[in-house]
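The structure appears right after this line, and notes come after that.
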Amino acid sequence: KGVMLDYRNLAAQLYLHDERLTVGEEDVSLSFLPLSHVFERAWSFFVMHSGAQNVFLPNTDWVREAMGQVRPTLMCAVPRFYEKIFSAVHEKVARAPWLRRALFHWAIVCGERKFLQERAGKPLGKLFELSHRWADKLVLSKL
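As structure tokens, this is what we get:
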């Protein structure tokens with residue numbers, strides 16, 4: 001269950017990440033997968049290559065606390081990690097009062113719309129920018 005990865009493979013990964021992601025010295029990555037995991041190792045090389053800071057956790061039990069302390073701007077993780085976060089957030093929202101649930105869903109729609117507009121290279125518009133700023137301030141920045 002092993003694959004030989006040579007220098008050209010690693011260089012290609014760095015090139016493709018550079019092409020798709022804007023990462024710089026102001027970014028912080030949180031790493032909790034073992035460095036023997038090729039996904040984490042390749043990601044860590046990219047973080048160092050980009051000049052960003054990489055915070056390593058020796059214990060996966062500390063991830064939740066570290067997320068609040070480190071406030072990573074980017075990270076790589078296996079899909080199960082993101083599924084757990086998604087489920088926990090949605091369970092908490094489901095128990096919230098109706099107004100808070102409505103606010104959450106409105107903010108998510110704003111975030112999705114902003115992402116799609118920016119990806120398509122379309123301008124956001126002044127009213128939508130204001131709307132998204134409020135969504136970010138009230139909900140999105142807290143996720």
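Numbering (full-length UniProt numbering), first residue to last: 1 to 143. All C-beta atoms in this analysis are idealised placements derived from N, C-alpha and C, irrespective of residue type, glycine included. In this text the structure is predicted, and so the values were computed from the model without any measurement.
Would you kindly check if the distance between the Cβ of residue j and the Cβ of residue i is under 8 Å?
{"i": "A42", "j": "Q69", "result": "no"}
{"i": "residue 150", "j": "G2", "result": "It is not possible to answer for residue 150, since the shown part of the chain is limited to 1 through 143."}
{"i": "L30", "j": "L57", "result": "yes"}
{"i": "H132", "j": "C110", "result": "yes"}
{"i": "L103", "j": "V139", "result": "yes"}
{"i": "F45", "j": "L16", "result": "no"}
On the DSSP letters alone, give me the boundaries of the alpha helix (DSSP H) that residue i sits inside.
{"i": "S31", "result": "Note, S31: premise wrong, no alpha helix (DSSP H); beta strand (DSSP E) at V28 to S31."}
{"i": "V63", "result": "V63 to V70"}
{"i": "G111", "result": "W98 to R119"}
{"i": "P79", "result": "P79 to R95"}
{"i": "S36", "result": "Per DSSP, S36 belongs to no alpha helix (DSSP H) and is neither H nor E."}
{"i": "S131", "result": "K126 to L138"}
{"i": "L16", "result": "Y7 to R20"}
Could you tell me which residues DSSP pairs with residue i in its beta bridges?
{"i": "N54", "result": "S29"}
{"i": "L74", "result": "S29"}
Suppose the cutoff is 8 Å on Cβ atoms and the five residues either side in sequence are ignored; what does the same chain contact list for residue i look like?
{"i": "V38", "result": "V3 and L5"}
{"i": "A77", "result": "F32 and L33"}
{"i": "A94", "result": "R101"}
{"i": "A66", "result": "L30, F32, V55 and L57"}
{"i": "E112", "result": "none"}
Between residue i and residue j, how many whole angstroms is the CB-CB distance? I'm expecting something under 8 Å.
{"i": "Q53", "j": "V23", "result": "Not a contact, Cβ separation roughly 11 Å."}
{"i": "W106", "j": "A135", "result": "7 Å"}
{"i": "L124", "j": "K114", "result": "7 Å"}
Under 7 Å Cβ to Cβ from residue i, same chain only, skipping five residues before and after it: list those, please.
{"i": "L143", "result": "V89"}
{"i": "E129", "result": "none"}
Between residue i and the rest of its own chain, which residues show a CB-CB distance below 6 Å, the 5 nearest in sequence each way excluded?
{"i": "M75", "result": "S29 and L30"}
Is there a Cβ of chain B sitting closer than 8 Å to that of residue i, yes or no?
{"i": "E40", "result": "In the structure shown, chain B does not exist; there is a single protein chain."}
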